[in-house]
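Protein chains: 2
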Amino acid sequence: MPTGEDARPARLMAKPSWLISEVSRVAYPLLSDRLATAGSRGYHYRLLAALAEFGPASQASLGRHAAMDRSDVAAAVSDLVGRGLAARAPDPADRRRNVISITPAGTAHLRRLDELVAGVQDELLTPLSAAERQQLTSLLSRIVQHHG
Amino acid sequence: MPTGEDARPARLMAKPSWLISEVSRVAYPLLSDRLATAGSRGYHYRLLAALAEFGPASQASLGRHAAMDRSDVAAAVSDLVGRGLAARAPDPADRRRNVISITPAGTAHLRRLDELVAGVQDELLTPLSAAERQQLTSLLSRIVQHHG
DNA sequence: CAGATCTCAGCTATACTGAAATGC
DNA sequence: CGCATTTCAGTATAGCTGAGATCT
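Quick mapping for you: the protein sequence lines, in order, are chains A and B.
Position one of the first sequence corresponds to residue 37 (this note's numbering), numbered consecutively onward.
Position one of the second sequence corresponds to residue 37 (this note's numbering), numbered consecutively onward.
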């Protein structure tokens with residue numbers, strides 16, 4: 037094995053879509069492992085965040101806020117309810133719906149997850165200055181908004 | 037449903053790791069669908085790129101260059117060989133290894149995939165100027181290099 | 001012996017699809 | 001009727017793990 041095998045094809049290194057997927061691949065286990073220390077996954081954090089910021093909502097509405105599929109919302113909400121972090125109740129005004137709400141324990145849990153997630157940002161963006169992190173966030177936000 | 041349900045929790049929108057995964061989620065079907073028009077997937081492009089730029093290599097070496105798992109390399113190489121885009125031959129110097137090489141048809145196919153992938157970059161980065169695209173690429177590259 | 005390579009079976013999480021039952 | 005909601009079963013992919021056989 038003569039030369040460095042960690043080298044990547046130049047074709048890939050020059051493609052933003054490749055870099056994005058590589059950073060995403062780096063970020064995923066960082067986030068996933070941290071959340072796991074609190075017995076949670078990304079879906080749980082996203083749902084709790086949506087519940088905390090937008091208030092009680094149906095599962096369908098929740099899925100739109102948290103950018104999750106209806107199918108995955110159902111399963112993840114059941115997890116949260118099972119752990120006492122959220123409550124599921126029938127909607128008296130529309131009996132097709134469940135109204136999901138965050139519990140006090142859920143709010144406390146979200147705060148804990150917030151700290152874990154903040155730590156991941158620092159770890160992921162270590163090589164960037166504060167100004168560069170802001171720049172990156174801004175550029176990515178515009179891409180996300182455009183494809184919204 | 038009073039207010040916009042496309043709104044995302046502020047907690048998420050402020051997290052680079054979330055934005056990265058969102059952009060990655062947008063980019064994936066763009067890339068995947070385009071490559072599918074040529075009967076290929078991301079793994080195929082990455083392998084062909086590594087073969088074209090680093091020359092014939094063992095599957096293990098190929099996996100390191102293309103950032104792929106040994107297991108996935110085996111399956112994807114079999115795909116390429118089956119389509120005549122790569123060749124698999126035993127290494128006379130080390131009989132544990134297969135030497136994988138790109139064929140002329142593989143080189144031609146790679147050129148075609150290159151055009152498709154280039155189109156995806158434009159589509160993904162539509163809202164950004166040329167300078168901003170360069171900036172984004174640079175920031176992402178530094179993150180990737182740091183976590184290499 | 002340790003260590004590398006290849007193959008295969010299987011696993012997890014994300015993301016998604018289809019269908020059915022229920023209700024507006 | 002059309003449409004929305006929930007639930008369940010199932011699919012696909014990327015990425016990864018473990019085990020075993022082979023070879024250096």
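Cβ atoms here follow ideal geometry from the backbone N, Cα and C, with glycine treated the same way.
query	result
Alpha carbon of Ser174 (chain B) to alpha carbon of Leu176 (chain A), nearest angstrom	13 Å
C-alpha distance - Ser76 (chain A) paired with Ala102 (chain A), whole-angstrom precision	16 Å
Per-residue contacts from Thr162 (chain B) into chain A (C-beta, under 7 Å)	His182
Contact under 8 Å by Cβ, Ile138 (chain A) with Leu71 (chain A)	no
Residue nearest to Arg50 (chain A) in terms of C-alpha spacing, selected from B:Pro140, B:Asp115, B:Arg82, B:Arg124	The sequence as given places Ala at residue 50 (chain A); Arg does not occur at that position. The shortest C-alpha separation from Ala50 (chain A) is found at B:Arg82.
Simplified DSSP assignment, three categories, for Ala122 (chain B)	strand
C-alpha distance - Pro128 (chain A) paired with Met104 (chain B), whole-angstrom precision	52 Å
Boundaries (first-last residue) of the beta strand (DSSP E) holding Ser137 (chain A)	134-138
Meets three-Cβ-pair contact criterion under 8 Å: the segment 158-169 of chain A and the segment 132-146 of chain A	no
Cα-Cα separation between Gly40 (chain A) and Ala46 (chain A), rounded to whole angstroms	14 Å
Cutoff 8 Å: Arg47 (chain A) Cβ touching any chain B Cβ	yes
Residue interval of the alpha helix (DSSP H) (run including Thr173 (chain B))	166-182
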